[in-house]
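Counting in my numbering, the sequence shown runs from -9 upward without gaps.
Accompanying notes for the structure given below.
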Amino acid sequence: MKKTIISLLTCWFLLAVFLAHAEVLGKIVAVVEDDVILEQELDKEISTIRQRIQGSQTQMPPESVLRKQVLEKMIIDRLQRQLAEKAGITVTEEMLNNSAADIAQRNSMTLQQFREELEHQGMTYKSFLDNMRNEIIINQLRSREIGGRIKVTDREVDHYMETQGKIGDEAIQYHLGHILIAVKEAASATQIQQAQSKADDLVRQLRAGQDFAQTAMSDSEDDNALKGGDLGWRTLNDIPTLFTDKVSTMRAGEVADPIRSPSGFHIIKMLELKGMGNHTITKTKVRHILIKTNELIDDNEAKKRLLALKSRIADGDDFASLARAHSDDKGSAIKGGSLDWVSPGDLVKPFEEAMGKLDSNQISEPVQTQFGWHLIQVLDRENKDDSIEHKKNLVRDAIRKRKIEEETELWMRRLRDEAYVEIVQ
């Protein structure tokens, strides 16, 4: 009790100090623990969000609603940044620049072209980097606070596939909209009833034709509110367990009854559905000879030895015998250098890239990886229907993703409820 009183007195003192310096800082709109959000920061963020909404051709919510939603998002972000700072989570300039270069490359642009495109859209490169830094820090924080605790067992995967997962379920993709009417953990029966009544009213309005994206921006209390509640395209495996029974029976355009969870009441709408084909992969039967570098063998010597072995194979020596005698990969050497059949992603990238360029029975030039230098020979390839294994991997990833989403929602709600936040009118 004494600690609580001291904490409250400290917060009130900080608030008084912040307000006393308001003329210097600019108008304060919120105190978040030991930090403040200024009106100019809020206005800038509102402007950015407004441009994004206009670009999506969605009707703009009323200014008061937009302001409330953006401020709440900034409060949650600020709380997470404070927690990340205490945890020592940082992002270096090199990490930022590498991430920006990757994004530019994925959009088939040079970094300079990407910067010009950002400016054309009304965003400075500095603002883009600041937003990306914030996103990376928050993702690292969530991974640290939540991701490490999430485990998915083989039994969970098998149970899901036995009870819910029929082969081919992943062929259907669902485009979902979501609205959350939040309920605090310690909410009273009256507050719960009020939230349920609001959710019921919204469902009736949506079924009567009210715009879903506009309603989500105005009334939803989750991270996707300012995106119109759009959860994007997902397979059934990627959808929270809470929704799967409903989603699997919904038609395009349908709005489900409110769904209760510890976070509140969820409203989902089936925006669209589409299908996709079976999953096929190319498996490769491959073998190699590895020469590791050390104090006596540098890169040039390793390459020289492999080229000599390649010449001997061309003259008729047996690859497997040479692998057993010379390869530093002792696990495969006893099998004549065989790595057996491998799937995409099983081997390191430089090895896979070199292997992918070889015809059957062709031997590569020396290839360098972090393990040393390799001589690679492809023995055979086959296309394999990998649907069942692919299904298991999808289920495993989806269960993990679902657990993280559900835990993140509760974690963020708890973070907000337990923090000292003062909205300054």
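From the three backbone atoms N, C-alpha and C, an ideal C-beta is built for every residue, glycine too.
What ranges does the alpha helix (DSSP H) occupy inside the segment 68 to 114, keeping only unbroken runs of at least 4 residues that lie completely in it?
Taken in chain order, the complete alpha helix (DSSP H) segments of 4 residues or longer contained in the segment 68 to 114 are 83 to 96 and 101 to 110.
Would you identify the three-state DSSP class for N121, choosing helix, strand or coil?
Under the three-state reduction of DSSP output, N121 falls in the helix class.
The segment 41 to 49 / the segment 202 to 220 touching (three or more Cβ pairs under 8 Å):
Yes, the segment 41 to 49 touches the segment 202 to 220.
So, with DSSP's three-state summary, where would you put Y150?
Helix at Y150.
Beta-carbon within less than 6 Å of I126's beta-carbon, same chain only, minus the 5 sequence neighbours each way: which residues are those?
Here the set comprises V81.
Note down the Cα distance separating E146 from D212, rounded to an integer number of angstroms.
When rounded, the distance between both Cα atoms is 28 Å.
Could you tell me which residues DSSP puts in a beta bridge with A409?
Looking at the DSSP assignment, A409 forms no beta bridge with any residue, so it has no partner.
Have a look at D67 and A94 and give me their C-alpha separation to the nearest angstrom.
Taking the straight line joining both Cα atoms gives about 26 Å.
One or two residues paired with M260 in a DSSP bridge
Paired residue(s): L166.
Compare the C-alpha of W331 against each of K382, K325, K273 and Y410 and name the closest.
Ranking K382, K325, K273 and Y410 by Cα distance to W331 puts K273 first.
Contact under 8 Å by Cβ, I27 with M64
Yes, Cβ-Cβ distance for I27 and M64 is below 8 Å.
Out of curiosity, what's the CA-to-CA distance linking D407 and S251?
Cα-Cα distance, rounded: 17 Å.
Leaving out the 5 sequence neighbours to the left and right, which residues in its chain are closer than 6 Å to D349 when beta-carbon positions are compared?
A distance below 6 Å between beta-carbons, with the five flanking residues on each side excluded, links D349 to no residue of its chain.
Can you grab the Cα-Cα spacing for the pair A304 / S311, in whole Å?
As the crow flies, the alpha-carbon of A304 is around 14 Å from that of S311.
Is it the case that the Cβ atoms of K282 and G346 are separated by a distance below 8 Å?
Cβ distance not < 8 Å, so K282 and G346 don't count as in contact.
If you measure between the beta carbons of V276 and V411, is that distance less than 8 Å?
Going by C-beta atoms, V276 is not nearer than 8 Å to V411.
Delimiting residues of the alpha helix (DSSP H) encompassing Q181:
Residue range A179 to R197 is occupied by the alpha helix (DSSP H) that includes Q181.
Relative to the C-alpha of R314, which candidate in G326, G306 and D308 has its C-alpha closest?
Taking only the C-alpha atoms, the option nearest R314 is G326.
With a cut-off of 8 Å, do at least 3 Cβ pairs link the segment 236 to 248 to the segment 183 to 197?
In this structure the segment 236 to 248 lies against the segment 183 to 197, because at least three pairs of beta carbons, one per stretch, are closer than 8 Å.
Shortest alpha-carbon distance to K320 belongs to which of E107, D308, L280 and Q200?
Per the C-alpha coordinates, the member of E107, D308, L280 and Q200 positioned closest to K320 is L280.
Please state whether the Cβ-Cβ distance between S210 and I258 is less than 8 Å.
No, the pair does not count as a contact, with Cβ atoms beyond the cut-off.
Please classify N129: does DSSP put it in a helix, a strand, or coil?
Of the three classes helix, strand and coil, the one that applies to N129 here is helix, per DSSP.
Measure the C-alpha to C-alpha separation of F255 and D336 and round it to an integer number of angstroms.
Between F255 and D336, the alpha-carbon positions lie close to 42 Å from each other.
Counting C-beta neighbours from all protein chains within 10 Å, is the total for I157 16 or more, i.e. buried, or is it exposed?
In this prediction, I157 scores a pLDDT of 44, lower than 50, which makes its location untrustworthy; no coordinate-derived value is stated.
From the DSSP output, read off the bridge partner residues of R224.
Listed as beta-bridge partners of R224 by DSSP are Y164.
Classification of K381 by the beta-carbon crowding that lies within 10 angstroms, buried from 16 upward:
K381 is buried by the Cβ-count criterion.
What is the DSSP secondary structure of V414, counted as helix, strand or coil?
The answer is coil: DSSP assigns V414 none of H, G, I, E or B.
Who does G362 pair with in a DSSP beta bridge?
Answer is T359, bridged to G362.
Could you tell me the distance, in whole angstroms, from the CA atom of L232 to the CA atom of L56?
Roughly 29 Å separates the two Cα atoms.
Name the residue from S98, I140 and S89 whose alpha carbon lies nearest to the alpha carbon of F118.
The residue with the shortest Cα to Cα distance from F118 is S89.
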